[in-house]
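Protein sequences, first through last, are from chains A and B. For the first sequence, the tail end lands on 279 under this note's numbering, and the numbers increase by one without skipping. For the second sequence, the tail end lands on 279 under this note's numbering, and the numbers increase by one without skipping. The beta carbon of each residue, even a glycine, is placed where N, CA and C say it ideally should be. Given the structure is predicted, the values throughout are model-derived calculations rather than measurements. Note sheet for the following structure.
There are 2 protein chains.
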Amino acid sequence: MSDNQTLADKVFSELTTAIVRGELRPGSKLSEQTLVERYGGSRAPMREAIQKLEARHLVVRIPHAGARVVSLSLAELRDIYEVRLELESMACRLAAQRMTDAEIAELYGLLAEHEASIAAEQGQAYYQKAGDLDFHYRIIKGSKNHRLHQMLCGELYHIVRMYRYQTSTSTRRPLQALQEHQRIVEAISARDAELAELLMRRHIQASLTNLENRLAEEEGRS
Amino acid sequence: MSDNQTLADKVFSELTTAIVRGELRPGSKLSEQTLVERYGGSRAPMREAIQKLEARHLVVRIPHAGARVVSLSLAELRDIYEVRLELESMACRLAAQRMTDAEIAELYGLLAEHEASIAAEQGQAYYQKAGDLDFHYRIIKGSKNHRLHQMLCGELYHIVRMYRYQTSTSTRRPLQALQEHQRIVEAISARDAELAELLMRRHIQASLTNLENRLAEEEGRS
DNA sequence: TCAGGGCTGATTGTATACAATCTTAGTCTT
DNA sequence: AAGACTAAGATTGTATACAATCAGCCCTGA
């Protein structure tokens, strides 16, 4: 029953985490033969795993030329952040309308945990980051829109996490982020959808403007 | 050079149009063997084609049990429309900011064509539908956000087109749609991003509310 | 020295064969 | 008669082999 997942799925999972964690650098080649040597099995499941990665935009495949880990330009990253900004604001609005009281209570609990971990200063960047992801994840799920959840968690978030170490956002300001999270939850709790959306938009906007500044200065240089 | 596309790609294209046009009914099974008999070749390319369809959410694949053409519930369709509403409004806002004057001029030209075809009453539902798609497509492209373009055109639109014959929207009111299109283009031309977004939101909202009404009455029935 | 063509090696695309799993029909039990 | 179990058949997952294509290198000629 737990062995229900196919070999291709397992390799896909392994490769996904490897790419997201940066163990496989952007631009590096993924030859099918290499994967066979590393993970065992035959080429067929490896091809399937690569195709699934391609579907999630984690690798780029060129016919007869192989697959490479995706390497995004700043412009492409800006595109992704723009879309994420819009979709996650939307998710927050819907969450304010559709989350159950129990789910909101859980959100409060999560915030309390974060607050404690920050206060104790045990919560280093890593914990804060995981907590941040968890927070956003719950709100997305609270939107009760399955497709929205799929798009944000299945297609955009891997990329965002992958490039997060570059962007240096929402990790250097844990306290401020926590306060923003608190206000968002308050808005959701008050069922104020418009305010919740606005606050989430602002919360994410910082990353985007940061990115656009870098994009502008890079264009100025060239 | 034109033969550069692989067999899997060709089968994928064929199947995509077949599904979108309704020649393959939602829920019908896609066995690999059947595809081999219909399109020739061997199972390997067929598997790849099916996987690409799965990536675009046009089929659902269950391990060891095969692939079926996706069959969406009204609730899932609502989710998709909600996301489309948000993304396409966003696209319209960005288009107002980023489209070139030449592209806007082309939009006006497109509107003139539609007006003529409606006035001559040669433009039956089919032409109007294609024209409508073209209009929306150009605005999406005008957003200059490649990922947004990918998501709307590559992932959502096939589904929307597939179920459009059910929803009966934006085909029975060609004149009103045209007028709404004209106002949208005027807003874009005036570089009024907020207004353009608002108008597009209203323009698409009709389909969504229609869908939600049907969803509500279905839930009331059960 | 450099541009261009062709060859070799490697890699991907495709075909076929085998193994594992699911589905379905039938039978048996309660 | 309804439901569960079993076995046969079919279908998918995997492995291996072959063909087609591409990348890199050497060689040739101006």
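Classify H171 of chain A as buried or exposed, calling it buried when 16 or more other Cβ atoms lie within 10 Å of its own Cβ. buried
Identify which residue in A:L142, A:K109, A:H203 and A:S99 has its Cα closest to the Cα of E71 of chain A. A:K109
Using the DSSP secondary-structure output, state which residues sit across from G47 of chain A in a beta bridge. Chain A is shown only over 58 to 279; residue 47 of chain A falls outside these bounds and no answer can be derived.
How about Q199 of chain A and A152 of chain A: do their beta carbons lie closer than 9 angstroms? Per the sequence presented here, residue 199 of chain A reads as Gly, with Gln not at that position. Against a cut-off of 9 angstroms, the Cβ pair of A152 of chain A and G199 of chain A comes out as a contact.
By DSSP's criteria, K86 of chain A is part of a beta bridge. Which residues make up the other side? A:R125
In whole angstroms, what is the alpha-carbon distance linking A258 of chain B and A234 of chain A? It is worth fixing the name first, because residue 258 of chain B is Arg in this sequence and not Ala. Using only the alpha carbons, I get a separation of about 31 angstroms.
Using the beta-carbon count (16 or more within 10 Å), is G188 of chain A buried or exposed? buried
Could you tell me how far apart the beta carbons of I241 of chain B and C149 of chain B are, in whole angstroms, since I believe they sit closer than 8 angstroms? 7 angstroms
Going by alpha carbons, who is nearest to A159 of chain B out of B:P231, B:H238, B:P83 and B:I245? B:I245
Please list, in chain order, the chain A residues whose beta carbon lies closer than 9 angstroms to that of P120 of chain B. N61, Q62, T63 and D66
So, under 8 angstroms CB-CB, I107 of chain A and R100 of chain A are touching, yes? Tell me the CB distance rounded to an integer number of Å. So it is not a contact: roughly 10 angstroms between Cβ atoms.
Inter-stretch contact at 8 angstroms, needing at least 3 Cβ pairs: the region 192-207 of chain A / the region 135-150 of chain A: yes
Leaving out five residues on either side along the sequence, give the residues of the same chain with a beta carbon under 8 angstroms from the beta carbon of I175 of chain A. Q185, P231, L232 and L235
Should the region 127-140 of chain B be called in touch with the region 127-134 of chain A, which here means at least 3 C-beta pairs below 8 angstroms? no
Report buried or exposed for R278 of chain B, applying the criterion of at least 16 other Cβ atoms within 10 angstroms of its Cβ. exposed
Cβ-Cβ distance between T74 of chain B and E105 of chain B below 9 angstroms: no
Rank B:D66, B:L252, B:L115 and B:K67 by C-alpha distance to the C-alpha of K86 of chain B and give the top, closest one. B:L115
Count the other CB atoms, across all protein chains shown, that sit within 10 Å of the CB of D136 of chain A; report buried if there are 16 or more and exposed otherwise. buried
Beta carbon proximity, R104 of chain B to chain A, threshold 9 angstroms: yes
What separation, rounded to the nearest whole angstrom, lies between the Cα atoms of L255 of chain B and E139 of chain B? 15 angstroms
Give the residues of chain A in contact with N202 of chain B, contact being defined as C-beta atoms less than 8 angstroms apart. D136, E139 and V140
Which of helix, strand or coil DSSP assigns to T91 of chain A: helix
State buried or exposed for H121 of chain B, treating a residue as buried only when at least 16 other CB atoms are found within 10 Å of its CB. exposed
With a threshold of 16 other CB atoms inside 10 Å of the CB of Y214 of chain B, please say whether the residue is buried or exposed. buried
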